[in-house]
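The structure appears right after this line, and notes come after that.
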Amino acid sequence: MPTPRLRLYNTLTRTKEDFVPIDADNVRMYVCGPTVYDYAHIGNARPVIVFDVLYRLLRHLYGEKHVAYVRNITDVDDKINARAAERGISIRELTEETNRIFQADVKALGCLEPTVQPRATEHIAEMIAIIERLIAGGHAYAADGHVLFSVPSMPDYGRLSRRPLDEMIAGARVDVAPYKKGDMDFVLWKPSADSEPGWESPWGRGRPGWHIECSAMSWRHLGETFDIHGGGIDLVFPHHENEIAQSRCCFDTPVMANVWMHNGFLQVEGEKMSKSAGNFVTIHELLHSEKFGGQLWSGPVLRLAMLRTHYRQPIDFTSKALEDARKKLDAWMRAARLALDGEAAAPEPSDDLVAALADDLNTHSALTSLDRLFNTTGDGQSDAHRQLGADLVFLGLASRSELKKPHAGFVSVDVDKVQALIDARLAARAAKNWAESDRLRDELVAMSITLKDNKDGTTTWEVKR
Ligand SMILES: [Zn+2]
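Add 11 to the 1-based position in the sequence shown for this note's numbering, that's all there is to it.
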């Protein structure tokens with residue numbers, strides 16, 4: 012198959028462009044990762060899913076060994092300090108716990124592990140090195156224990172966000188400080204009190220600003236200039252603008268990354284998500300509680316609901332959309348499993364799927380191609396449904412092992428039979444008849460039922476798909 016032309020929308024140029032990697036043997040992508048102080052919300056899930064699809068596509072086009080995907084973990088931040096103090100635990104405990112939950116959440120969403128997930132606290136030396144170079148080059152200055160980036164030292168500052176100057180100044184004035192020379196100058200390094208995390212530096216004991224973290228980690232793992240930088244649209248200004256300023260002025264390069272990609276906003280049931288509005292939805296509770304829409308949602312259903320909207324469009328996350336995605340995925344899985352009949356899905360995605368994704372990740376058109384396979388009738392049906400299985404695997408909507416299992420969607424589960432088997436198993440356990448209890452568990456597992464034995468002696472269950 013000839014490699015399709017990959018076209019990506021570049022925020023830097025506001026156009027869809029042919030993607031030409033700097034080195035096709037080493038395609039490099041950086042995506043801003045989570046600040047680990049609380050459960051990730053469903054808005055955080057969007058870039059993780061979108062750039063996972065791009066990662067899968069790049070690996071397909073250039074070869075698995077030729078793509079490096081870096082997604083950082085921000086484990087030093089004032090929000091982390093505040094939350095750790097509030098909960099009365101150490102910063103390390105908080106960041107470790109939050110990161111563990113984040114990793115489990117995104118795995119459930121069908122995301123591959125990035126090549127590297129660097130932690131900010133392990134790259135302080137690189138941050139100090141960049142700041143020293145910026146000071147030496149006249150792009151930064153130390154004042155009052157702080158180091159600030161001098162925005163007027165960069166004539167084309169603001170190229171990514173294209174915001175009018177007065178708007179940027181108004182935004183930057185939010186944190187007015189006596190040590191700032193220019194209104195838009197931003198913090199690279201700040202002093203730490205004894206109670207705050209800090210590292211020794213030429214400017215005293217302190218800690219980095221947020222923007223410098225990404226410049227340091229992308230440099231260390233991908234080099235001075237790389238191919239793709241991604242994140243949510245809310246990061247364009249000031250975060251990405253400032254990353255660009257730091258990296259370009261430090262390394263004297265015309266660009267930091269060639270292509271800048273941003274996913275659109277996410278709303279929940281038609282409203283902006285916020286803790287005060289009470290519509291704050293975390294990935295964890297969607298997967299593990301029945302808080303949203305009155306039921307548990309599987310990772311693949313969440314992923315499909317997300318991919319039905321093009322990544323640059325705003326998305327409205329609703330329980331209706333999840334229900335639709337669940338029905339669709341259930342139908343696709345059933346067809347693919349029947350056709351595969353216990354065999355593994357083929358390794359290659361269909362040409363139509365790859366072509367759709369290569370057009371700036373047109374997931375809507377990609378999912379239409381899956382529907383076409385699903386709706387195939389007659390002689391070609393079996394082959395089409397087997398290919399559907401392969402395409403579901405490629406998109407991260409199913410694993411190969413899941414596809415090999417017999418199908419047990421919600422609709423086909425005989426609830427009375429499941430309950431009868433569970434009751435029989437509880438009785439066997441009460442009689443210490445472990446062999447019978449295990450046999451009944453195996454029977455339930457064969458029906459794709461997973462059991463959870465609770466401390467109070469009851470057993471709850473769910474359909475595992
Ligand atoms: Zn970043």
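Every residue gets a Cβ at the ideal spot worked out from N, C-alpha and C, and that includes glycine.
Keep in mind that this is a model prediction, so the values were computed, not measured.
Report all residues from its chain with a CB closer than 6 Å to the CB of Trp-221; omit the five preceding and five following residues, and keep chain order. As a first step, residue 221 is located in the sequence shown; it is residue number 210 there, counting from the start. Correct list: empty, nothing qualifies.
Gln-324, DSSP secondary structure in three states: Position 313 of the sequence shown, counted from the start, is the residue given in the question as residue 324. Correct three-state label for Gln-324: coil.
Classify Trp-445: buried if its beta carbon has 16 or more other beta carbons within 10 angstroms, exposed otherwise. Looking up residue 445 in the sequence shown gives position 434. Trp-445 should be labelled exposed.
contact_flag[the stretch 261 to 272, the stretch 17 to 37] where n(CB pairs < 8 Å) is 3 or more: yes
Beta-carbon contacts of Ile-112 that lie in its chain and below 7 Å, excluding the five residues immediately before and after: Stepping through the sequence shown from its first residue, residue 112 is reached at position 101. Cβ within range, chain order: Tyr-50 and His-295.
Looking at the strands, I want to know which residues DSSP matches up with Gly-241. Residue 241 sits at position 230 when you count from the first residue of the sequence shown. BP columns for Gly-241 point to Val-42 and Met-272.
By C-beta, the residues closer than 6 Å to any heavy atom of ligand 1, given in chain order: Cys-43, Cys-225, His-250 and Glu-254
Identify, in the order they occur along the chain, each residue of the same chain with its Cβ nearer than 8 Å to the Cβ of Thr-470, setting aside the five sequence neighbours on each side. Along the sequence shown, one-based indexing puts residue 470 at 459. Result list for Thr-470: Ile-433, Arg-436, Leu-437, Leu-462, Lys-463 and Asp-464, in chain order.
Return the chain-ordered ranges of every alpha helix (DSSP H) run that is complete within the stretch 294 to 371 and spans a minimum of 4 residues. Correct list: 294 to 299, 310 to 318, 330 to 351 and 362 to 369.
Separation of Ala-151 from Gln-324, as counted between CA atoms: Indexing the sequence shown from 1 puts residue 324 at position 313. Indexing the sequence shown from 1 puts residue 151 at position 140. Whole-angstrom Cα-Cα distance: 37 Å.
Measure the Cβ-Cβ separation of Ala-256 and Tyr-190 and say whether it is below 8 Å. For this step, residue 256 is matched to residue 245 along the sequence shown. For this step, residue 190 is matched to residue 179 along the sequence shown. No, they are not a contact pair.
Rounding to the nearest angstrom, what Cα-Cα distance links Phe-421 and Leu-277 in this structure? Counting from 1 along the sequence shown, the entry for residue 421 is found at position 410. Counting from 1 along the sequence shown, the entry for residue 277 is found at position 266. For Phe-421, the predicted model reports a pLDDT of 43, less than 50, meaning its position is unreliable; a value from the coordinates is still stated below. Cα to Cα, Phe-421 sits roughly 28 Å from Leu-277.
Name, in chain order, the residues that DSSP records as bridge partners for Ile-142. Taking the first residue of the sequence shown as position 1, residue 142 is located at position 131. Looking at the DSSP assignment, Ile-142 forms no beta bridge with any residue, so it has no partner.
What are the start and end residues of the alpha helix (DSSP H) that includes Arg-231? For the purposes of this step, residue 231 is taken as residue 220 along the sequence shown, with counting starting at 1. 221 to 233 is the span of the alpha helix (DSSP H), which, as asked, contains Arg-231.
Who pairs with Phe-197 in a beta bridge, going by DSSP? The sequence position of residue 197 within the sequence shown is 186, counting from 1. Answer is Phe-160.
In the structure shown, what three-state DSSP assignment does Val-266 receive? One-based indexing of the sequence shown puts residue 266 at position 255. If DSSP states are grouped into helix, strand and coil, Val-266 belongs with coil.
Within the same chain, show all residues whose beta-carbon is closer than 8 Å to that of Asp-29, passing over the 5 residues directly before and after it, in chain order. As a first step, residue 29 is located in the sequence shown; it is residue number 18 there, counting from the start. Arg-16, Leu-17 and Arg-18, listed in sequence order.
Can you give me the C-alpha to C-alpha distance between Asp-341 and Trp-210, rounded to a whole angstrom? Locating residue 341 in the sequence shown gives position 330, where the first residue counts as 1. Locating residue 210 in the sequence shown gives position 199, where the first residue counts as 1. Between Asp-341 and Trp-210, the C-alpha separation is close to 52 Å.
Chain-order list of residues whose beta-carbon lies under 8 Å from that of His-134 (same chain, five-residue window excluded): For this step, residue 134 is matched to residue 123 along the sequence shown. The residues are Glu-224, Ala-227, Met-228 and Arg-231.
How big is the Cα-Cα spacing for Ser-287 and Leu-333? Mapped onto the sequence shown, residue 287 falls at position 276. Mapped onto the sequence shown, residue 333 falls at position 322. Approximately 24 Å, taken between the alpha carbons.
Give the straight-line distance between the Cα atoms of Lys-339 and Met-165, rounded to the nearest whole angstrom. For this step, residue 339 is matched to residue 328 along the sequence shown. For this step, residue 165 is matched to residue 154 along the sequence shown. Approximately 51 Å, taken between the alpha carbons.
Give the DSSP bridge partners of Ile-84, in chain order. The sequence position of residue 84 within the sequence shown is 73, counting from 1. Ile-84 is bridged to Arg-130.
Ends of the beta strand (DSSP E) at Gly-153? Taking the first residue of the sequence shown as 1, we reach residue 153 at position 142. The sequence shown places Ala at residue 153, rather than the Gly named in the question. Run containing Ala-153: 151 to 154, per the beta strand (DSSP E) assignment.
Over the uninterrupted alpha helix (DSSP H) stretch that includes Lys-118, give me the two end residues. Position 107 of the sequence shown, counted from the start, is the residue given in the question as residue 118. Run containing Lys-118: 102 to 119, per the alpha helix (DSSP H) assignment.
Cys-43 versus Ala-35, Ile-53 and Val-59, residue with shortest Cα-Cα distance: Counting from 1 along the sequence shown, the entry for residue 43 is found at position 32. Comparing Cα positions, the closest option is Val-59.
Thinking just about the alpha-carbon of each residue, which of Val-87, Lys-201 and Ala-395 is nearest to the one in Asp-363? Counted from its first residue, the sequence shown places residue 363 at position 352. Cα-wise, what sits closest to Asp-363 is Ala-395.
Leaving out five residues before and five after Val-162 in sequence, what residues of the same chain have Cβ atoms less than 6 Å from its Cβ? Residue 162 sits at position 151 when you count from the first residue of the sequence shown. The residues are Tyr-168, Gly-193, Met-195 and Asp-196.
Give me the Cα-Cα distance between Gly-281 and Ile-239, rounded to the nearest whole angstrom. Locating residue 281 in the sequence shown gives position 270, where the first residue counts as 1. Locating residue 239 in the sequence shown gives position 228, where the first residue counts as 1. Going by the C-alpha atoms only, they are around 31 Å apart.
Three-state secondary structure (DSSP) of Gly-99: Here residue 99 refers to the residue found at position 88 when the sequence shown is read from its first residue. Three-state result, Gly-99: coil.
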